[in-house]
Amino acid sequence: MNITDITKEAGAHKKRKRVGRGESSGWGKTSGRGHKGAGQRSGYRARSLAEGANFPFFRRIPKYGFSNAQFRTEYQVVNLSVLSDRFDAGAHVTPADLEDKGLIRDRENLVKILGDGDLTKGLTVDAHRFSASAEKKIAAAGGKVNWLAPRPKKKFVKKPRWQLAAEEAEKGKGGKKAKGGDKKAESKAKAKPEGKKAKPEADDGSSADEGASND
Numbered sequence: 001m002n003i004t005d006i007t008k009e010a011g012a013h014k015k016r017k018r019v020g021r022g023e024s025s026g027w028g029k030t031s032g033r034g035h036k037g038a039g040q041r042s043g044y045r046a047r048s049l050a051e052g053a054n055f056p057f058f059r060r061i062p063k064y065g066f067s068n069a070q071f072r073t074e075y076q077v078v079n080l081s082v083l084s085d086r087f088d089a090g091a092h093v094t095p096a097d098l099e100d101k102g103l104i105r106d107r108e109n110l111v112k113i114l115g116d117g118d119l120t121k122g123l124t125v126d127a128h129r130f131s132a133s134a135e136k137k138i139a140a141a142g143g144k145v146n147w148l149a150p151r152p153k154k155k156f157v158k159k160p161r162w163q164l165a166a167e168e169a170e171k172g173k174g175g176k177k178a179k180g181g182d183k184k185a186e187s188k189a190k191a192k193p194e195g196k197k198a199k200p201e202a203d204d205g206s207s208a209d210e211g212a213s214n215d
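Position one of the sequence shown corresponds to residue 1 (my numbering), numbered consecutively onward.
In structure tokens:
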């Protein structure tokens, strides 16, 4: 039996419910809309989670903290061990190939390669993100990594005040030591006797004669 066998007999279209035709229409005086209020007017729609005069349930539940779930970036994860099993040496692995092999669900979504397992084949892998270990292993096996998205920048971690103060104190100590060392080096250089000066060359007496003639 098929659904078309039933619809042929009963009719493919249900008759429209005609309301507002009086009590003899079969839907009563109020046409199934009840008595008075906004529910009888056209365009009325009940608010979701509304409980009339009661305090709403979603407001009675306590809430704590903050969730980053809506801002989280989700990746389709593939490990190197799977790539080594499914692809031949020298293959060019793209998200489309991963979808064809059944390793990911959607080629349009983000793909991340993780470094779990060993890779002995040289593969050219295209993905939106790679773990550091996966990138090293692919390069070590003679393969190549193609980023389909910009590399993530290193996050700036703000150091706590106590750590900054400790580093400044260490720098200050190092500066004092360096200054003291310079002073010691200068004092040693002053105390060290200078080398013997070269004796002037012996004159043939012309300078003495010139002095005498000037006198």
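Positions of the beta carbon are idealized from the N, C-alpha and C atoms, including for glycine.
Cβ pair residue i, residue j closer than 7 Å
i, j, result
"I113", "A127", "yes"
"A79", "D116", "Reading off the sequence, residue 79 comes out as Asn, not Ala. In this structure, D116 lies closer than 7 Å to N79 by Cβ."
"G143", "L123", "yes"
"V93", "V125", "yes"
Residue i burial status per 10 Å Cβ neighbour count (16 or more: buried)
i, result
"L119", "buried"
"F130", "buried"
"V19", "exposed"
"K137", "buried"
"V157", "exposed"
"S206", "No answer about S206 holds up, because its pLDDT of 49 lies below 50 and its placement is not dependable."
"A12", "exposed"
Residues that DSSP places opposite residue i in a beta bridge
i, result
"V93", "V125"
"K144", "T124"
"N79", "L114"
"F130", "I113"
Cα-Cα separation between residue i and residue j, rounded to whole angstroms
i, j, result
"G28", "N54", "31 Å"
"E135", "S84", "14 Å"
"W162", "A169", "10 Å"
"Q70", "A132", "26 Å"
"P152", "N68", "18 Å"
"F58", "A139", "52 Å"
"A46", "P62", "25 Å"
"K17", "P56", "35 Å"
"G43", "K101", "51 Å"
"K14", "T7", "10 Å"
"D5", "G52", "47 Å"
"G22", "F66", "56 Å"
"I3", "A10", "11 Å"
"S24", "S48", "35 Å"
"M1", "G39", "42 Å"
"N146", "K154", "19 Å"
"T73", "K171", "41 Å"
"S31", "G37", "14 Å"
Candidates the options: closest to residue i by CA position
i, options, result
"I104", "R86, K121, F58", "R86"
"A91", "A141, S24, R21, G32", "A141"
"A89", "D100, P62, K121", "K121"
"A50", "G43, R60, G22", "R60"
"A149", "V111, P160, A139", "V111"
The ligand SAM heavy atom lying under 6 Å from the CB of residue i
i, result
"A134", "The model depicted lacks the ligand SAM and carries no ligand whatsoever."
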